[in-house]
Structure formats: structure tokens, C-alpha cells
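A quick write-up on the structure given underneath.
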DNA sequence: TAGATTGTTAATCGATTAACAATC
DNA sequence: TAGATTGTTAATCGATTAACAATC
């Protein structure tokens with residue numbers, strides 16, 4: 002509302018660096034560092050000072066000439082840019098291994114998200130508790146969404162079930178997705194906010210790196 | 002050994018697209034498609050034909066003028082480039098929520114990996130079974146690595162325990178890491194092959210996208 | 001042979017880095 | 001004021017796209 006100036010188009014490359022800055026500044030804050038220059042950040046993070054200043058200036062001038070940046074202020078600004086102060090509501094769909102792990106392991110609250118419900122299709126799972134929530138039936142999902150208006154859905158369900166569930170969720174007003182399936186959401190729903198985690202692609206990338214390292218020996 | 006020609010330096014941008022090509026060609030193969038042109042791939046994947054041809058030609062000429070690419074051959078070539086045929090051995094360290102989910106949910110075998118052991122520090126977990134393996138004590142990890150020579154370690158342990166474990170693993174000859182912690186492995190061990198999955202950064206990126214979508218309404 | 005599509009070179013675009021005037 | 005460091009413009013670098021000759 003206030004403070005955040007500029008911002009017309011910001012490239013994905015810049016956006017993906019913001020969480021890292023946010024984390025890094027949190028670490029500094031924990032160490033009691035109050036002030037830092039772009040040069041110091043660059044050295045510690047393995048980037049260039051230019052890049053950091055360019056990145057930050059996509060959103061506004063958060064520093065002060067001759068001084069640098071106030072760690073606490075800068076971190077708060079980046080948090081605001083990321084929307085971590087918005088208290089977005091999330092639901093999770095698919096309480097299998099991955100769904101359980103994500104709901105237990107990921108610190109939603111600390112990233113400003115409120116995980117308000119978990120859904121599964123399997124009657125054996127419905128009613129059991131995961132991450133402090135009682136698993137609900139996917140049959141209730143439309144009603145739930147119309148009532149509680151979640152901002153995002155975490156998709157940890159099998160690929161075959163994804164298309165159908167997506168149609169239901171979008172129809173019920175959900176527009177953000179943390180996607181752990183290989184389903185190409187933006188192809189069907191180009192106006193949604195989608196962030197995908199392709200674990201198996203990541204593993205294949207590691208395979209390439211390991212293999213490449215071997216061959217160059 | 003044979004077929005794979007060229008390859009001096011290949012940019013990370015290209016490498017990250019290979020798993021997606023591999024998956025896509027697998028889907029085509031499942032549909033019985035035997036032949037495809039770069040133009041068709043581009044349309045279906047939302048890329049340009051030029052980019053696909055450029056990417057593939059980092060590794061060699063897998064197509065045929067006037068014909069296009071043989072789906073099965075191209076997929077096999079990309080699989081070989083990724084090292085999926087190498088049968089790399091993997092161990093997993095940290096059998097908490099995330100470790101259990103990864104070992105159960107991720108199809109290691111189908112990506113050419115052999116998950117041969119799971120380790121944890123917690124005596125209550127040691128001896129129990131996960132993903133068909135009996136959890137071993139981290140005290141055995143050096144001996145195990147010296148004997149079985151795993152190529153990669155999946156790191157799903159708490160941040161505080163990571164540095165110490167990394168020193169042990171590297172000393173025991175492990176040089177590849179699938180990293181789910183926020184620990185900066187390459188800073189300490191620049192010669193390792195590291196692929197990191199920063200789930201919380203991904204969630205913050207989603208937060209940005211959702212927030213941005215709201216503000217532009 | 002004619003048509004199609006690759007492999008590859010050249011042109012464009014975007015992102016990163018360098019430089020420096022503004023200013024705290 | 002002098003020193004430091006930002007915000008911003010200009011230069012460089014790399015990646016993507018376009019074009020086309022080679023060839024199946």
C-alpha cells in the first residue's frame with residue numbers, strides 16, 4: 002500500500018532471488034547485524050554488488066548513499082514485496098506421502114501462509130489427523146472453498162486426478178497453486194498464479210551433474 | 002562412451018530443459034508417436050523450434066533433415082545425456098517427514114538411481130522400515146560409504162546437523178548431493194555435484210505471484 | 001527431383017556487470 | 001567537508017530467436 006514504489010514488469014530471474022535475500026537478511030538479523038552494504042551482501046552471497054542494487058531498485062530505493070542498507074528495514078521491505086505479511090490461506094489436496102511431508106515439514110506460518118485444511122479422496126484417511134488438521138473428504142472441497150476462500154491450493158495428488166481436481170478448484174475460485182504434479186496448469190488456466198516443484202526433473206538434473214563430473218575426470 | 006559427441010560447456014539453462022524434453026518424449030512414446038519435428042515439439046511444449054534444435058545440438062545431431070526426430074531414439078539419447086542409464090547409487094540421510102516422503106514418493110529407480118540405504122540419528126527410528134529399507138544409524142555411515150560407495154546422498158536432515166554430516170560424507174567419498182536443506186554446500190565443497198530443492202523459497206515465490214496478481218486487479 | 005526439416009550461423013533480445021554522478 | 005555507497009545509466013555478455021544453406 003505505501004512504501005513499495007515502482008514495479009511495472011519484474012523479470013522472473015529477479016523474483017527468484019528475493020527469497021534468498023530474505024533468508025540471508027534473516028540470518029544477519031539473527032547475528033545482530035544492523036547495517037550492510039551491497040558490496041558486503043555480494044561477497045557473502047557470491048553475487049555482484051551491481052546485481053543486488055539493480056534487483057532492489059526494481060521495487061524502490063531502500064538504501065541510503067554513503068551508509069548502505071538497514072538490515073531490518075530491508076528484510077521487512079522484501080517480506081512485504083513477497084507478500085509474506087498478507088496471511089494468505091492455503092489448502093492441501095492429496096494427503097499421501099508427499100502431502101503429509103509438505104504439511105508437516107514446510108513452515109507455512111513463517112512464510113505468511115495459513116494452512117487451513119487438508120483433503121483426500123481415500124475414506125481410510127478422511128478423519129485422521131495430519132499437521133494438526135483433520136483430513137476432509139474431497140467431496141466437501143467446493144463447499145469449503147466457497148465458504149473459506151483459500152488463496153492457494155497445494156497439489157500433492159496423483160497426476161491422473163489432477164485435471165479433474167483443478168477444474169473443481171478453479172470453479173470454486175482458487176487461483177494460486179503450489180504444484181507438485183507434472184500437470185501443466187498454465188496451459189489450461191493461464192491466469193492462475195502457479196509455482197511448480199518438479200522433484201523428478203531436479204533428480205535428473207543431479208544425474209546429469211554427477212555424470213558430467215565423472216566424465217571430465 | 003559412443004554416440005554422445007560435442008559437449009564442452011553446456012549452460013545450466015539448457016541442462017534444466019533436458020528433463021522436460023525427456024518427460025515429454027516419454028508421453029509421446031506412450032501415445033505411439035514415432036516421429037516428430039522440432040516445430041511440433043515447440044508448439045506442444047510452448048517453446049520455439051529454434052531453441053529445441055539449439056539445445057539438442059549442444060550434444061550432437063540427433064535428427065535427420067527433411068524427416069525430424071525419431072521419438073524413441075531422441076528420448077534414449079537424452080536419457081543417456083542425463084546419465085539415467087548409469088545406475089547411480091544413492092543414500093538418504095534424515096528419515097523425518099521429508100526424508101520418508103522423498104524415499105516413498107520419488108521414483109528413484111525410474112530415474113536410474115538405486116536407493117540403497119536410509120540413515121537417521123534417532124534410536125527410535127533405527128531398525129524401522131521405510132520404502133523397503135531398514136533405517137540404519139548415522140554412526141555406521143562412514144563404514145557403509147567406504148564399502149558401498151554411493152554416488153549421491155539425499156540430504157533431508159535439519160540445518161544444524163548438515164555441516165557435520167557433510168564433512169563425514171565428503172570424507173567418505175560422496176561427491177553428489179540432492180540437497181533439501183538451506184545449507185550452501187558449494188561454498189564449502191565447490192567440487193561436488195549439487196542440486197538443491199529450496200521448498201520454502203518456492204513457497205515465497207508463489208506468495209509473490211499471488212500477491213502480484215491481486216494488486217494488478 | 002521437390003518438399004521438408006535439420007544443423008548452424010547471424011541478429012536480436014534481455015540480463016548482468018561496470019561506471020559514475022548524486023547524495024547521505 | 002571528505003568518504004562512502006547508493007541509484008541509475010551505459011557497456012558487456014549470454015541466451016534466445018530468426019534465417020538459411022545443407023541434406024535427407
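Chains as they are written, first to last, in this note's numbering: chain Y, 2 to 218; chain S, 2 to 218. Every residue, glycine too, gets a C-beta built ideally from N, C-alpha and C.
Mind checking if residue i is an interface residue toward chain S, Cβ cutoff 8 Å exclusive?
i, result
"residue 51 of chain Y", "no"
"residue 92 of chain Y", "no"
"residue 149 of chain Y", "no"
"residue 205 of chain Y", "yes"
"residue 24 of chain Y", "yes"
"residue 152 of chain Y", "yes"
"residue 190 of chain Y", "no"
"residue 112 of chain Y", "yes"
"residue 135 of chain Y", "no"
"residue 17 of chain Y", "yes"
"residue 194 of chain Y", "yes"
"residue 67 of chain Y", "no"
"residue 115 of chain Y", "no"
"residue 208 of chain Y", "yes"
"residue 76 of chain Y", "no"
"residue 58 of chain Y", "no"
"residue 14 of chain Y", "no"
Give a yes or no on whether 8 Å exceeds the smallest Cβ distance from residue i to chain Y.
i, result
"residue 3 of chain S", "Because residue 3 of chain S carries a pLDDT of 35, less than 50, the predicted location of this residue cannot be relied on, and no value is offered for it."
"residue 40 of chain S", "no"
"residue 124 of chain S", "no"
"residue 6 of chain S", "Per-residue confidence for residue 6 of chain S stands at a pLDDT of 48, beneath the threshold of 50, marking its modelled position as unreliable; no derived number is given."
"residue 201 of chain S", "yes"
"residue 99 of chain S", "yes"
"residue 108 of chain S", "yes"
"residue 120 of chain S", "no"
"residue 20 of chain S", "yes"
"residue 173 of chain S", "no"
"residue 198 of chain S", "yes"
"residue 89 of chain S", "yes"
"residue 82 of chain S", "yes"
"residue 211 of chain S", "yes"
"residue 32 of chain S", "no"
"residue 214 of chain S", "yes"
"residue 176 of chain S", "yes"
"residue 85 of chain S", "yes"
"residue 102 of chain S", "yes"
Under a three-way DSSP split, which group does residue i fall into?
i, result
"residue 184 of chain Y", "coil"
"residue 145 of chain Y", "helix"
"residue 92 of chain Y", "strand"
"residue 101 of chain Y", "helix"
"residue 33 of chain S", "coil"
"residue 39 of chain Y", "helix"
"residue 55 of chain S", "helix"
"residue 15 of chain Y", "helix"
"residue 10 of chain S", "coil"
"residue 125 of chain S", "coil"
"residue 27 of chain Y", "helix"
"residue 189 of chain S", "helix"
DSSP puts residue i in a beta bridge; with which residues?
i, result
"residue 194 of chain S", "S:177"
"residue 66 of chain S", "DSSP output for residue 66 of chain S lists no bridge partner at all."
"residue 135 of chain S", "S:130"
How far does the beta strand (DSSP E) with residue i in it reach, from first residue to last?
i, result
"residue 121 of chain Y", "114 to 121"
"residue 48 of chain S", "Residue 48 of chain S -> no beta strand (DSSP E), and no H or E assigned at all."
"residue 204 of chain S", "Where residue 204 of chain S is concerned, there is no enclosing beta strand (DSSP E), although the alpha helix (DSSP H) it sits in stretches over 200 to 216."
"residue 153 of chain Y", "153 to 156"
Could you give the residue range of the alpha helix (DSSP H) that holds residue i?
i, result
"residue 83 of chain Y", "72 to 83"
"residue 162 of chain Y", "160 to 172"
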